[in-house]
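Asks: This is the structure I have questions about; it appears just below.
Residue numbers (the working numbering): 47 to 450.
Given below as structure tokens:
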């Protein structure tokens with residue numbers, strides 16, 4: 047049997063590359079595995095040889111020690127690979143298929159899945175609706191920043207690329223289909239972006255850049271990206287976005303007015319989440335600032351897409367309320383302006399096929415927008431540290447040396 051190596055969380059600020067068990071079509075006990083999932087058979091699943099897998103900002107929250115993730119958790123939920131083994135109950139996915147794996151684990155059988163809400167599947171996580179690979183409180187499914195990984199419910203979930211050779215030519219774009227591109231797109235769709243819209247995107251990390259590119263694909267007239275990091279803002283400008291630097295100029299409305307002539311936009315997207323920093327030089331953490339600022343600058347009747355992560359358990363929060371996800375949000379302002387809020391994980395399967403076709407046709411250039419940067423599995427710990435310092439890159443792990 048082949049070996050397997052993976053990126054493993056070992057406590058706040060510590061990521062290692064370790065030998066782990068080769069995957070089986072069953073859930074074994076391990077760090078973060080819900081006891082009700084131990085021994086769960088997955089003959090509806092497949093074993094995937096990982097071709098590319100990405101580091102996500104959501105992973106970074108765990109690595110910083112800002113969640114209750116246990117030591118030993120195998121990280122990674124953005125997976126693209128080749129099917130090398132199929133379970134007894136898999137009918138349509140075949141060995142050799144090159145596939146994108148949605149980060150949401152979904153059964154395809156429950157009410158939520160049947161209503162296309164695959165981000166809140168009711169059968170894969172005994173703790174709460176919704177699950178993901180290699181993530182805290184998500185049922186304990188082993189992560190995919192590894193050489194091999196098990197993927198359940200394969201016939202329902204997997205997106206097969208129609209032509210392997212064509213897919214490999216665009217693999218740096220297609221690897222974004224597992225999470226970041228659908229997440230950014232969901233943020234834009236949830237915010238009601240349409241032709242002619244003016245859009246504010248909070249955060250110029252990879253998800254923010256994906257949301258900005260998605261808003262452009264949806265026909266926005268102006269996309270404004272705000273951040274505290276000049277390098278990330280330069281990346282947003284590289285594909286036609288306007289930018290605002292909230293470290294240098296903390297008044298968001300005033301900066302928007304300088305671009306649009308009015309201090310408001312049609313819609314806004316929060317791509318920052320709970321580890322937000324206050325605006326201005328030297329400002330500290332302010333977990334509700336993005337939510338409050340996008341309500342301030344979005345027109346009455348506008349929509350707010352919120353793909354940025356908010357958690358129910360944050361041991362490193364600035365106060366006791368924030369440690370359980372209770373934030374000082376100006377809900378009265380949003381109510382008075384009749385805003386619509388859309389939150390939660392992204393239902394990847396709602397979008398990934400259409401986005402695949404946009405990539406294969408050449409219309410979407412998501413790898414360029416997010417500055418996809420290939421690294422080896424052994425370079426992953428260093429990449430986590432570089433990402434934590436604000437590097438304007440989307441790190442793509444190549445566990446088998448495909449890009450050599």
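Even for Gly, the Cβ is constructed at its ideal location relative to N, Cα and C.
Comparing alpha-carbon positions, which option in 270, 50, 144 and 88 lies nearest residue 221?
Replies: If you number the chain shown from 1, residue 221 lands on position 175. Ranking 270, 50, 144 and 88 by Cα distance to residue 221 puts 144 first.
Asks: Is residue 100 helix, strand or coil by DSSP?
Replies: Mapped onto the chain shown, residue 100 falls at position 54. DSSP places residue 100 in strand when its eight states are reduced to three.
Asks: Looking only at its own chain, which residues have a Cβ that is under 7 Å from the Cβ of residue 420, when we skip the five neighbours before and after it?
Replies: The sequence position of residue 420 within the chain shown is 374, counting from 1. Excluding sequence neighbours, residue 420 sits near 442, 444 and 449.
Asks: Look up residue 273 in the DSSP assignment and say whether it is helix, strand or coil.
Replies: As a position in the chain shown, residue 273 is number 227, starting the count at 1. Correct three-state label for residue 273: strand.
Asks: How would you call residue 431, buried or exposed, if buried means at least 16 neighbouring beta carbons within 10 angstroms?
Replies: For the purposes of this step, residue 431 is identified with residue 385 of the chain shown, where counting begins at 1. By the neighbour-count rule (16 or more Cβ atoms within 10 Å), residue 431 is not buried but exposed.
Asks: How far does the alpha helix (DSSP H) with residue 403 in it reach, from first residue to last?
Replies: Residue 403 sits at position 357 when you count from the first residue of the chain shown. From DSSP, the alpha helix (DSSP H) with residue 403 extends over 398 to 406.
Asks: Can you check whether the CB of residue 234 is closer than 8 Å to the CB of residue 255?
Replies: Stepping through the chain shown from its first residue, residue 255 is reached at position 209. Stepping through the chain shown from its first residue, residue 234 is reached at position 188. No.
Asks: Leaving aside the five residues before and after residue 147 along the sequence, list all residues of the same chain whose C-beta is less than 6 Å from its C-beta, in chain order.
Replies: Residue mapping note: residue 147 aligns to position 101 of the chain shown, counting from 1. Same-chain partners within the cutoff: 125, 197 and 224.
Asks: Considering only the alpha carbon of each residue, which of 192, 342, 347 and 337 lies closest to residue 446?
Replies: To locate residue 446, count along the chain shown from 1; it is residue 400. The shortest Cα separation from residue 446 among 192, 342, 347 and 337 belongs to 192.
Asks: Between which residues of its own chain and residue 427 is the CB-CB distance below 6 Å, once the five residues before and five after are set aside?
Replies: One-based indexing of the chain shown puts residue 427 at position 381. So the qualifying residues of the chain are 61.
Asks: Report yes if the C-beta distance between residue 201 and residue 139 is below 8 Å; otherwise report no.
Replies: Position 155 of the chain shown, counted from the start, is the residue given in the question as residue 201. Position 93 of the chain shown, counted from the start, is the residue given in the question as residue 139. Yes, Cβ-Cβ distance for residue 201 and residue 139 is below 8 Å.
Asks: Is the closest heavy atom of the ligand SAH to the C-beta of residue 242 under 7 Å?
Replies: This structure lacks the ligand SAH; in fact it carries no ligand of any kind.
Asks: Counting only beta-carbon atoms, is residue 400 nearer than 8 Å to chain D?
Replies: Given the protein chain composition of this structure (a single chain), no chain D is represented.
Asks: Quick one, which of 261, 316, 267 and 163 has its alpha-carbon nearest residue 273's?
Replies: The residue given as residue 273 occupies position 227 in the chain shown. The candidate whose alpha carbon is nearest that of residue 273 is 316.
Asks: Excluding the 5 residues preceding and the 5 following residue 296 in the sequence, name in chain order all residues of the same chain whose CB lies nearer than 7 Å to its CB.
Replies: Residue 296 sits at position 250 when you count from the first residue of the chain shown. Result list for residue 296: 325 and 326, in chain order.
Asks: Whose C-alpha, out of 190, 70 and 367, is nearest the C-alpha of residue 133?
Replies: Taking the first residue of the chain shown as position 1, residue 133 is located at position 87. Nearest C-alpha to residue 133: 70.
Asks: Residue 127 to residue 159, Cα distance in whole Å?
Replies: To locate residue 127, count along the chain shown from 1; it is residue 81. To locate residue 159, count along the chain shown from 1; it is residue 113. If I take the Cα positions, the gap works out to 23 Å.
Asks: I need the boundaries of the beta strand (DSSP E) containing residue 412, first residue and last residue.
Replies: Along the chain shown, read from residue 1 onward, the residue named residue 412 stands at position 366. Unbroken run through residue 412 is the alpha helix (DSSP H), 412 to 416; no beta strand (DSSP E).
Asks: Let me confirm a value: residue 351 is counted as buried when at least 16 other C-beta atoms fall within 10 Å, else exposed. Which label applies?
Replies: In the chain shown, counting from the first residue as 1, residue 351 sits at position 305. It is buried - the Cβ of residue 351 has at least 16 other Cβ atoms within 10 Å.
Asks: In chain order, which continuous runs of the beta strand (DSSP E) of length 3 or greater are located wholly inside the stretch 220 to 289?
Replies: Segments of the beta strand (DSSP E) lying fully in the stretch 220 to 289: 244 to 248 and 268 to 273.
Asks: Pick from 104, 83, 267 and 72: whose alpha carbon is nearest that of residue 353?
Replies: As a working note, residue 353 is residue 307 in the chain shown. Measuring from the Cα of residue 353, the nearest candidate turns out to be 104.
Asks: Quick check for students: name the residue ranges of the alpha helix (DSSP H) that lie wholly in the stretch 174 to 221, counting only runs of 4 or more.
Replies: List check, alpha helix (DSSP H) in window: 200 to 203, 210 to 215 and 217 to 220.
Asks: Run through the DSSP bridge pairs and tell me what residue 441 is partnered with.
Replies: Numbered from its first residue, the chain shown carries residue 441 at position 395. DSSP lists 419 as partners of residue 441.
Asks: By the three-class DSSP mapping on this structure, what secondary structure does residue 73 have?
Replies: In the chain shown, counting from the first residue as 1, residue 73 sits at position 27. Note: residue 73 maps to coil in three-state DSSP.
Asks: Helix or strand or just coil, what does DSSP make of residue 55?
Replies: Within the chain shown, numbered from 1, the residue matching residue 55 stands at position 9. In this structure, residue 55 counts as strand in the three-state DSSP scheme.
Asks: May I have the straight-line CA-CA distance separating residue 415 from residue 336, to the nearest angstrom?
Replies: Position 369 of the chain shown, counting from 1, holds the residue named residue 415. Position 290 of the chain shown, counting from 1, holds the residue named residue 336. Between residue 415 and residue 336, the C-alpha separation is close to 23 Å.
Asks: Alpha carbons only, please: which of 392, 435 and 437 is nearest the one belonging to residue 149?
Replies: Position 103 of the chain shown holds residue 149. Of the listed residues, the one whose Cα sits closest to residue 149 is 392.
Asks: Which residue's Cα is closest to the Cα of residue 376: 387, 249 and 102?
Replies: One-based indexing of the chain shown puts residue 376 at position 330. It is 387.
Asks: If I measure Cβ to Cβ from residue 298 and keep anything under 6 Å in the same chain, skipping five residues before and after, which residues do I get?
Replies: Translated into positions along the chain shown, residue 298 becomes position 252. Here the set comprises 339 and 343.
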